[in-house]
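Per UniProt numbering, the sequence shown starts with residue 1, numbered consecutively. Ideal placement from N, C-alpha and C gives every residue a C-beta, glycine not left out. What follows is a set of notes on a single structure, which appears directly below.
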Amino acid sequence: MAAGEIATEQLNFQPPPGLCDTHMHIYEAGYPTVAGATAPARGTLQNYRALRKALGIERTVIVQPAAYGFDNRCTLASMAQLGRDAARGVAVVDGEIGVQELRDLTDAGMRGLRLAMIPGGAIGWAEADAIVRKVQAVGWHTQLQLDGLQLPARETQILGWPGTIVIDHIGRFSGGVTSDHPAVQCLSRLLETGRVWLKLSAPYWASRSGPPDYSDVEALVKHFVAIAPDRMVWATNWPHPSLSEPPNDTQLFNCIAKWLPDAMLRQRILADNPARLYGF
Numbered sequence: 001m002a003a004g005e006i007a008t009e010q011l012n013f014q015p016p017p018g019l020c021d022t023h024m025h026i027y028e029a030g031y032p033t034v035a036g037a038t039a040p041a042r043g044t045l046q047n048y049r050a051l052r053k054a055l056g057i058e059r060t061v062i063v064q065p066a067a068y069g070f071d072n073r074c075t076l077a078s079m080a081q082l083g084r085d086a087a088r089g090v091a092v093v094d095g096e097i098g099v100q101e102l103r104d105l106t107d108a109g110m111r112g113l114r115l116a117m118i119p120g121g122a123i124g125w126a127e128a129d130a131i132v133r134k135v136q137a138v139g140w141h142t143q144l145q146l147d148g149l150q151l152p153a154r155e156t157q158i159l160g161w162p163g164t165i166v167i168d169h170i171g172r173f174s175g176g177v178t179s180d181h182p183a184v185q186c187l188s189r190l191l192e193t194g195r196v197w198l199k200l201s202a203p204y205w206a207s208r209s210g211p212p213d214y215s216d217v218e219a220l221v222k223h224f225v226a227i228a229p230d231r232m233v234w235a236t237n238w239p240h241p242s243l244s245e246p247p248n249d250t251q252l253f254n255c256i257a258k259w260l261p262d263a264m265l266r267q268r269i270l271a272d273n274p275a276r277l278y279g280f
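Below, the structure is given as structure tokens:
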């Protein structure tokens, strides 16, 4: 699809009221990127508004992009434009941030700390412990993105973090995995602690079968949903900044009908759970 183009195929289910996209990014001209990073031209708030309309999204969580490092201004401005009733944010902050600045970010709608343990991430494993503890002063959760195959090696460290932890993108397991894989079992154990959440998003990371159905991810999603249905949320990951060619967002959303065939379960995961997690 061309930059900014939104797929408008028919949805195969009726989205619930309060539909919340819990993970997307905004990029606008005028905000400097960190060295070596680029901002996708398609990732503007104007283009995202078209996706909101196409899918029926009422609430949005804007996640600070890696391209902007610790400079949260674009994310904050985009949150303000969507409005307090419709937007929350997840920030990237360094270890020098003070409690008052954290309070100011919270007042602006930030609800979590982003840790991206992938190329381009601003915070590494060595610094993470202290920052996770610091943001507990304002009640933030920790949002963690990593290749899920790393989970067994990091399980002890993650379990040592206080507060709520949210894992991105169905674990972002590279290479395709099934529910009996040791890394999947590790994420299952984390979910069983009662304080770890999971985002049902970006199935392309874990899928070998690919679009339009990402059929090999369905069993993985259902495995995790069975463990913690009250701690699952959904997201678009728009504008898919790590992909040179963005996927069809309507096809991605339509996967939900197979992953979550029960309307009451969809209401919980697409609307009720995120309202609780992000304080809508």
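- prompt: For the beta strand (DSSP E) that contains V63, what are its first and last residues?
  reply: From DSSP, the beta strand (DSSP E) with V63 extends over R59 to V63.
- prompt: What three-state label does DSSP hand L260 in the structure shown?
  reply: In the structure shown, L260 sits in coil (DSSP, three-state: anything other than H, G, I, E or B).
message: What does the alpha-carbon distance come out to for the pair R217 and L187?
response: The sequence as given places Val at residue 217; Arg does not occur at that position. In this structure, the CA atom of V217 is about 15 Å from the CA atom of L187.
task: Could you work out which residue in D147, E155, A122 and K199 is closest to G176 when comparing CA atoms only?
output: G176 has its Cα closest to that of D147, out of D147, E155, A122 and K199.
field: Proximity below 7 Å, CB of R172 to CB of W205
entry: Result yes, Cβ atoms of R172 and W205 sit closer than 7 Å.
field: Nearest to H25 (by Cα), restricted to the options K134, T75, G56 and A219
entry: Minimum Cα distance to H25 is reached at T75.
Enclosing alpha helix (DSSP H) for M24 [first to last residue]: Bounds of any alpha helix (DSSP H) do not take in M24; it lies within the beta strand (DSSP E) bounded by C20 to M24.
- request: Would you give the residue range spanned by the alpha helix (DSSP H) that R103 belongs to?
  value: Per DSSP, the unbroken alpha helix (DSSP H) holding R103 starts and ends at V99 to D107.
message: Report the start-end ranges of each beta strand (DSSP E) in the stretch 208–236 that is 3 residues or longer and not cut off at the edges.
response: Counting only runs of 3 or more residues that sit fully inside the stretch 208–236, the beta strand (DSSP E) segments are 232–234, in chain order.
task: Give the range of the alpha helix (DSSP H) segment to which M79 is assigned.
output: From DSSP, the alpha helix (DSSP H) with M79 extends over R73 to L82.
message: Buried or exposed, going by whether 16 or more other CB atoms sit within 10 Å of the CB of A2?
response: For A2, the pLDDT reaches just 48, beneath the cut-off of 50, and the residue's location in the model is therefore unreliable, although a value from the coordinates is still provided. Exposed, by the Cβ-count rule.
- request: Starting from the C-beta of A39, find all residues in its chain whose C-beta is less than 7 Å away, skip the five residues before and the five after it, and write them out in chain order.
  value: Cβ neighbours of A39 beyond the five flanking positions: Y27, T33 and A67.
Which listed residue (A37, W125, P162 and Q136) has its alpha carbon closest to that of L151: For L151, the closest alpha carbon among the candidates A37, W125, P162 and Q136 is that of W125.
message: Measuring straight from C-alpha to C-alpha, what distance separates G4 and R49?
response: Here G4 scores only 48 on pLDDT, less than 50, and its place in the model should not be relied on; the value that follows carries that caveat. Rounded to the nearest whole angstrom, the C-alpha separation of G4 and R49 is 11 Å.
query: Tell me the DSSP bridge mates of Q145?
result: A116.
- request: Look at Q145 and A122 and say whether their C-beta atoms are less than 7 Å apart.
  value: No, they are not a contact pair.
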